[in-house]
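Numbering-wise (the UniProt record's numbering), the sequence shown opens with residue 1 and increments by one.
Every residue gets a Cβ at the ideal spot worked out from N, C-alpha and C, and that includes glycine.
On a predicted model such as this, the values are computed, not experimentally measured, just so you know.
A short write-up of the structure that comes next.
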Amino acid sequence: MPLLQARGLSRHYGGIRALDDLSLDIYRGEIFALIGPNGAGKTTFFDILTGFCTPDEGGIVFDQVVLPRGEPHLASARGIARSFQNIRLFGELTALENVLVGAHRRLQAGAWDALLRMRRTREEEAGAAARARDLLDYVGLAAHAGSRADALSYGDRRRLEIARALAAEPLLLALDEPAAGMNASETVALAALIRRIRDDGTTVLLIEHDMTLVMSLCDRVAVLDAGRKIAEGPPAAVRDDPAVIEAYLGRG
Ligand code: ATP
Numbered sequence: 001m002p003l004l005q006a007r008g009l010s011r012h013y014g015g016i017r018a019l020d021d022l023s024l025d026i027y028r029g030e031i032f033a034l035i036g037p038n039g040a041g042k043t044t045f046f047d048i049l050t051g052f053c054t055p056d057e058g059g060i061v062f063d064q065v066v067l068p069r070g071e072p073h074l075a076s077a078r079g080i081a082r083s084f085q086n087i088r089l090f091g092e093l094t095a096l097e098n099v100l101v102g103a104h105r106r107l108q109a110g111a112w113d114a115l116l117r118m119r120r121t122r123e124e125e126a127g128a129a130a131r132a133r134d135l136l137d138y139v140g141l142a143a144h145a146g147s148r149a150d151a152l153s154y155g156d157r158r159r160l161e162i163a164r165a166l167a168a169e170p171l172l173l174a175l176d177e178p179a180a181g182m183n184a185s186e187t188v189a190l191a192a193l194i195r196r197i198r199d200d201g202t203t204v205l206l207i208e209h210d211m212t213l214v215m216s217l218c219d220r221v222a223v224l225d226a227g228r229k230i231a232e233g234p235p236a237a238v239r240d241d242p243a244v245i246e247a248y249l250g251r252g
């Protein structure tokens, strides 16, 4: 049984079909990429998955439960964490505090009723801070725990976003163009981090325009064009698919 089953997703904006009858499966333990030309519908799929947008038709079963539509906090409670195309960090907070916010969000989403009953003790606060530090270490930012998020380099801010998302202990980590704006060495380090996240048990979904990264990193790829899925499979097969070549090159 796949971790995620999307079925018949459609979303229109006026006359624009952002998504048109999209179905796809994502399996546990894979790195799955959603690619396609600009305006293909990739972010719309992410937004539906994470409850930021409601589909006109169709739905998603995640971890054997139908995801509620248009409820970001419930998607988060079900185990989906995401990053955004444009980095969304709390710039004036430290890196450590940003990760703590990620962990707190999980509490809000999954167990806020428990929180209401239970005031966090000092030991629990210390435990949360220790876990946040471990996560910063995991993404290579241990030395920057006390730095303001907006003082970090671009690549480091991207990694901090990932640490914050991981603080929610997701089953699925959804990354929207994680390599955008990164230089070559930052991209190589990012690929290593994403592989490690997958190897440590978190399924990864990414939208990415960097084809070298997609081809080297992903287990399977789905290609969208004008809201429709035009190909799906291992990266090498998808790359050689005539419909995919046409979608990318045919617009000239
Ligand atoms: P990109 O690679 O450029 O980020 P994308 O594949 O993520 O593109 P989407 O952002 O999902 O594509 O957009 C799909 C289509 O839906 C586009 O034509 C876009 O202009 C349109 N669209 C998306 N969101 C809205 C909105 N809120 N209002 C109107 N049109 C929208």
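Residue VAL99 holds the alpha-carbon nearest to the alpha-carbon of ILE162 among MET182, VAL99, ARG131, THR187. Pairing LEU166 with TYR138 gives a Cβ-Cβ distance under 9 Å. For ALA129, same chain residues with a beta-carbon under 8 Å away, outside a window of 5 residues either side, are LEU96, LEU100 in chain order. Selection around ligand 1 by beta-carbon proximity, strictly under 5 Å to any non-hydrogen atom, yields TYR13, ILE16, ALA18, ASN38, GLY39, ALA40, GLY41, LYS42, THR43, THR44 in chain order. The DSSP assignment places complete alpha helix (DSSP H) segments of no fewer than 4 residues inside the segment 131-181 at 154-166, in order along the chain.
Distance between PRO235 and ASP199, taken at the CA atoms: about 19 Å. Collapsing the DSSP output to three states places TYR13 in a strand. Distance from the Cα of VAL214 is smallest, within the candidate group PHE62, ALA192, ALA77, for ALA192. For LEU190, the enclosing alpha helix (DSSP H) begins and ends at 184-199.
When only Cα atoms are considered, SER23 and ILE35 end up about 15 Å apart.
The three-state reading of DSSP puts PHE45 in helix, counting H, G and I together.
Taking 9 Å as the cut-off, the Cβ atoms of LEU19 and GLY233 do not count as close. ALA236: not part of any beta strand (DSSP E); member of the alpha helix (DSSP H) spanning 235-239, first to last residue. The C-beta distance from ALA174 to PHE46 rounds to 6 Å, short enough to meet the 8 Å contact threshold.
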